[in-house]
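So in our numbering, spot 129 of the sequence shown is number 146, and the numbers just go up one at a time.
One structure is given here, and the rest of the page talks about it.
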Amino acid sequence: MKIREKFAGKSSSHKSQTSDVVIIGAGIIGLAAAYSLSRIGKSVQIIERSKPGVGQSTKTGGGIRLAHGSELNIQLSQLSLDTWLNFEKHFNIDPFYRTTGHLFLTVESESALLSQAALLERMKVDCGLLTKSQISSYWPQLSSTNFLKGLYCNEGGYLDQHRVIKGYVDTVVSNGVKLLTGTQVEGLLKVNERINGVKTSAGEFHAEWTINAAGPHAGEVADLAGCQIPLVSRRHELLVLEESAAVPEKIPWLIDIDRQVHMRPDGSGRALIGGFLGRDEATDPNAYDPDLSEGWSKEVRREASHSFCITDPESSVLRGWSGLYPGTIDYMPVIDETLPGFITAAGFSGTGLMHAPIVGEIVADLTMTTKRHLVDITSLSSTRFTKESQILESTGF
Ligand SMILES: Cc1cc2nc3c(=O)[nH]c(=O)nc-3n(C[C@H](O)[C@H](O)[C@H](O)COP(=O)(O)OP(=O)(O)OC[C@H]3O[C@@H](n4cnc5c(N)ncnc54)[C@H](O)[C@@H]3O)c2cc1C
Numbered sequence: 018m019k020i021r022e023k024f025a026g027k028s029s030s031h032k033s034q035t036s037d038v039v040i041i042g043a044g045i046i047g048l049a050a051a052y053s054l055s056r057i058g059k060s061v062q063i064i065e066r067s068k069p070g071v072g073q074s075t076k077t078g079g080g081i082r083l084a085h086g087s088e089l090n091i092q093l094s095q096l097s098l099d100t101w102l103n104f105e106k107h108f109n110i111d112p113f114y115r116t117t118g119h120l121f122l123t124v125e126s127e128s129a130l131l132s133q134a135a136l137l138e139r140m141k142v143d144c145g146l147l148t149k150s151q152i153s154s155y156w157p158q159l160s161s162t163n164f165l166k167g168l169y170c171n172e173g174g175y176l177d178q179h180r181v182i183k184g185y186v187d188t189v190v191s192n193g194v195k196l197l198t199g200t201q202v203e204g205l206l207k208v209n210e211r212i213n214g215v216k217t218s219a220g221e222f223h224a225e226w227t228i229n230a231a232g233p234h235a236g237e238v239a240d241l242a243g244c245q246i247p248l249v250s251r252r253h254e255l256l257v258l259e260e261s262a263a264v265p266e267k268i269p270w271l272i273d274i275d276r277q278v279h280m281r282p283d284g285s286g287r288a289l290i291g292g293f294l295g296r297d298e299a300t301d302p303n304a305y306d307p308d309l310s311e312g313w314s315k316e317v318r319r320e321a322s323h324s325f326c327i328t329d330p331e332s333s334v335l336r337g338w339s340g341l342y343p344g345t346i347d348y349m350p351v352i353d354e355t356l357p358g359f360i361t362a363a364g365f366s367g368t369g370l371m372h373a374p375i376v377g378e379i380v381a382d383l384t385m386t387t388k389r390h391l392v393d394i395t396s397l398s399s400t401r402f403t404k405e406s407q408i409l410e411s412t413g414f
């Protein structure tokens, strides 16, 4: 099928249409849900106000990580990993997945690494604590760093999210999923207390199930349904240095947990750098600045250079961008049937890409009469925020 046909814009007929499921948003979560739903025989209509992936899903660092601070996030990564490792087989495109592993490093927070190592071991994630001399002997490039302790997890790595989005789009379309782009959902339809579709500028779309996969805008979509979910978007940035500041391809993804800065090779010898640097404020998704901020760019290059002793603080930036972690107040997503017929799959913070395959399956499960109970998602309910909120996840970077 030609791209132009696939991305056919607004229908001019304004006729109402019917499918089993309507998905709001063609980010990685909406696409993964479409994939899983089409595989269990549901007819699916996606409504995307722009183009697939142009929300946050192409702004990621491409990171696939097993090491998290909560059992549930580790489990979601474990259940998604097979899809990433075998992506080409199922989606007909090489996602350029590279296994780097992750090396968490610290001077002052040894106890944090110890408790994370205990959690990972309990969850059967292959990992090991390393001393300063082990770090230097495994990766001599790190021998001038000050780190006293490391935690190395050899699974996980990164991939090219643009190729992943392309793989999902092509596959769902060839599975019969209808993808309508350039069309905004403006309202929800309701019959007898059940949400049964959406209202858009291109007409009404009726469905037994409506999935809210609108990323940072999922809160606005939930408002249309009359429910308030405390979704919070947080602005984060990444940059790639010029080739002159080369990093060896054989080093793992490095994360300094004290200074909250991270770095990985980008697959062509360049360094990709990011980090919270202590800032994690809520940002209005309709008013954030997508450009790289000068101040952060300078600071993060200085911090990365200080931490990892590989790149230069004055290295030039080849490219950089900012985006939103579409999160919640406790940094865990919402996945539930929020209202009869209305499923929310949003708020994935820095894990939406890596967890998308299993999230798609969970969403499909929610629409099935005989459930497979793949993962216990009770703690991800949209009503949990009425109780005193607890931060369940603390290892995002
Ligand atoms: C700098 C940065 C680095 C990151 N790194 C990683 C990483 O390494 N690994 C990882 O797993 N995650 C990472 N993330 C997080 C990841 O990007 C998100 O969790 C993920 O993209 C969320 O996907 P989504 O489908 O929920 O949202 P989105 O990709 O934003 O998709 C939502 C879609 O809904 C559409 N939409 C919204 N409202 C409407 C409406 N009313 N009608 C119709 N369509 C609508 C939007 O146009 C958009 O296309 C990173 C994020 C950032 C910003």
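We treat Cβ as the ideally placed atom computed from N, Cα and C, and that holds for glycine.
Measuring alpha carbon to alpha carbon, tell me which of the options ends up nearest residue i.
i, options, result
"Asp-308", "Leu-256, Cys-170 and Gln-151", "Leu-256"
"Ala-134", "Glu-125, Tyr-185 and Cys-144", "Cys-144"
"Thr-361", "Met-280, Ile-41 and Tyr-175", "Ile-41"
"Met-371", "Ser-333, Gln-178, Gly-118 and Asp-306", "Gln-178"
"Gln-245", "Gly-47, Lys-59, Asp-37 and Phe-402", "Phe-402"
"Thr-345", "Ala-230, Asn-103 and Leu-248", "Leu-248"
"Glu-298", "Tyr-348, Leu-271, Gly-337 and Trp-101", "Tyr-348"
"Ser-55", "Gln-151, Lys-68 and Val-39", "Val-39"
"Ile-352", "Leu-397, Ser-53, Arg-180 and Ser-132", "Leu-397"
"Leu-253", "Trp-338, Pro-157 and Gly-58", "Leu is not the amino acid found at residue 253; the sequence shown has His there. If we check each option's Cα against that of His-253, Trp-338 comes out closest."
"Ala-381", "Ala-43, Gly-44, Ala-50 and Ala-219", "Ala-50"
"Tyr-155", "Glu-125, Gly-291 and Pro-269", "Pro-269"
"Leu-122", "Ile-91, Leu-147, Tyr-114 and Trp-101", "Leu-147"
"Glu-138", "Gly-173, Leu-83, Glu-125 and Asn-192", "Leu-83"
"Leu-206", "Ala-239, Gly-369, Leu-165 and Ser-324", "Ala-239"
"Ser-128", "Leu-165, Leu-102 and Thr-400", "Leu-165"
Are the CB atoms of residue i and residue j nearer to each other than 8 Å?
i, j, result
"Gly-236", "His-223", "no"
"Glu-88", "Leu-196", "no"
"Tyr-175", "Gly-79", "yes"
"Ser-74", "Glu-221", "no"
"Ala-363", "Gly-243", "no"
"Ile-46", "Val-376", "yes"
"Val-334", "Val-278", "no"
"Thr-188", "Phe-104", "no"
"Leu-289", "Trp-313", "no"
"Pro-265", "Gln-151", "no"
"Val-186", "Pro-112", "no"
"Ser-198", "Ser-310", "In the sequence under discussion, the amino acid at residue 198 is Thr, which differs from the Ser named in the question. Not in contact: Thr-198 and Ser-310 (Cβ atoms no closer than 8 Å)."
"Gly-292", "Ala-263", "no"
"Val-71", "Asp-37", "no"
With H, G and I counted as helix, E and B as strand and the rest as coil, what does DSSP make of residue i?
i, result
"Thr-100", "helix"
"Trp-313", "helix"
"His-279", "strand"
"Gly-155", "In the sequence on display, residue 155 carries Tyr and not Gly. DSSP places Tyr-155 in helix when its eight states are reduced to three."
"His-234", "helix"
"Leu-54", "helix"
"Ser-67", "coil"
"Ile-20", "At Ile-20, the pLDDT of 36 sits below 50, so the modelled position is not reliable and the matter cannot be decided from this model."
"Cys-326", "coil"
"Gly-204", "strand"
"Asp-273", "strand"
"Arg-336", "strand"
"Arg-245", "The amino acid occupying residue 245 in the given sequence is Gln; Arg does not appear at that position. In the structure shown, Gln-245 sits in coil (DSSP, three-state: anything other than H, G, I, E or B)."
"Thr-188", "helix"
"Pro-374", "helix"
"Lys-27", "Any reading at Lys-27 must be qualified, since the residue scores a pLDDT of 43, below 50, and its modelled position is unreliable; the value itself is stated next. Here Lys-27 sits in coil by DSSP."
"Leu-391", "coil"
"Phe-108", "helix"
"Lys-216", "strand"
"Lys-183", "helix"
Could you check whether the Cβ of residue i sits closer than 7 Å to any heavy atom belonging to ligand 1?
i, result
"Glu-172", "no"
"Ser-154", "no"
"Glu-254", "yes"
"Ile-64", "yes"
"Met-349", "no"
"Tyr-342", "yes"
"Ala-219", "no"
"Met-416", "Since the first residue shown for the chain is 18 and the last is 414, residue 416 is missing from the structure and cannot be characterised."
"Pro-233", "yes"
"Ile-290", "no"
"Leu-370", "yes"
"Lys-141", "no"
"Ile-57", "no"
"Ala-363", "yes"
"Gly-78", "yes"
"Ser-366", "yes"
"Ala-230", "yes"
"Val-71", "yes"
"Ser-150", "no"
Between residue i and ligand 3, is the CB less than 7 Å from at least one heavy atom?
i, result
"Lys-216", "Of the ligands this structure carries, namely ligand 1, none is ligand 3."
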